[in-house]
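Engineer:
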């Protein structure tokens, strides 16, 4: 198994084909993974400081104690634990990103691999509705002086007000800072835009890197902020669909998306293979906005395509798009 593919898997960057390959491997080759763990430990442990070597070995060979805590994948037995251990060993270069032994800092990572929204309550009372294919992470010091989490994907936040401890949500170079409010953030790594919708209260949106931090905007309820990752610019507009109930459910919500962006998002978060080869570049740039209630991802796709006079066909596990005009 290619170590880079394992790393892509846990970062949520695998294609549909890669995802199926790695999950099939973990299911079919569990005995072999024990040998891989031992071999890689023998090879890698020499490059790890002696003071930390035993700590890491304990985490790898007793993976129930692994930090960060990865959400369980739908594997029987211990395969998901083996996968996490393999990632630790095969990615020594990023090891201390996850394990900060000098500061005794542990990361908790919560992944939502289901097809439905996952509700999470933090220790400060803040509630989070995590969308499919998304994850949050935070350290064991969360709430001590400030409340800081990192988001990959999309989530709706109902933040408990605390003027002494600001709540920060980091998505790449964009940080959303609040004291107590309700808002939705969409920041999928495979999309060029980060979108923030404020439903109640106020938020400060900041751009930051290792050296500087600057304010992008102060948002009011009913506003949508679009941040372009490529050009590093932002714009704010008013929207109609800004009620909190919209973002807590399983419906798909698109604000000023292109058809290509909408189909790609559904494909990535629900692990579907969608063939867009029949679409022209003009077709891919058609606009998609609105709320799409659905019972299954394919049903949502059909509703989106219907608007643009297209239909969805399925053959051999692949969804193909056909024009009707």
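Residue numbers (our numbering): 554 to 878. The beta carbon of each residue, even a glycine, is placed where N, CA and C say it ideally should be.
So, using beta-carbon positions, are residue 799 and residue 775 closer together than 7 Å?
Structural biologist: Their beta carbons are not under 7 Å apart, which means residue 799 does not touch residue 775 by this criterion.
Engineer: Can you grab the Cα-Cα spacing for the pair residue 842 / residue 856, in whole Å?
Structural biologist: Near 12 Å, if we compare the C-alpha coordinates of residue 856 and residue 842.
Engineer: What would DSSP say about residue 837, mapped onto helix, strand or coil?
Structural biologist: If DSSP states are grouped into helix, strand and coil, residue 837 belongs with the helices.
Engineer: Which full runs of the alpha helix (DSSP H) of 4+ residues lie inside the segment 771-815, going along the chain?
Structural biologist: Runs found: 797-801.
Engineer: Roughly how many angstroms separate the alpha carbons of residue 845 and residue 815, rounded to a whole number?
Structural biologist: Taking the straight line joining both Cα atoms gives about 11 Å.
Engineer: Within a Cβ cutoff of 7 Å, which residues of the same chain sit near residue 796, ignoring the five residues on either side of it in sequence?
Structural biologist: Within the same chain, residue 796 has close Cβ partners 752.
Engineer: Put residue 901 into one of helix, strand or coil per three-state DSSP.
Structural biologist: What the structure shows of the chain is the stretch from 554 to 878, and residue 901 is not part of that stretch, so it cannot be assessed.
Engineer: Count the other CB atoms within 10 Å of the CB of residue 875; is the residue buried (16 or more) or exposed (fewer)?
Structural biologist: Residue 875 is exposed by the Cβ-count criterion.
Engineer: CB-CB under 6 Å to residue 703, same chain, minus the five flanking residues each way: which ones, in chain order?
Structural biologist: Once the five neighbours on either side are set aside, the close Cβ partners of residue 703 are 690 and 723.
Engineer: Measuring CB to CB, does residue 677 end up less than 7 Å from residue 706?
Structural biologist: It is not a contact, given that the beta carbons lie outside the stated cut-off.
Engineer: Is it buried or exposed, residue 686, if we count other Cβ atoms within 10 angstroms and call 16 or more buried?
Structural biologist: When all chains shown are included, residue 686 counts as buried.
Engineer: With H, G and I counted as helix, E and B as strand and the rest as coil, what does DSSP make of residue 859?
Structural biologist: If DSSP states are grouped into helix, strand and coil, residue 859 belongs with the helices.
Engineer: Would the beta-carbon of residue 680 fall within 7 Å of that of residue 711?
Structural biologist: Yes; because the gap between Cβ atoms is below 7 Å, this pair is in contact.
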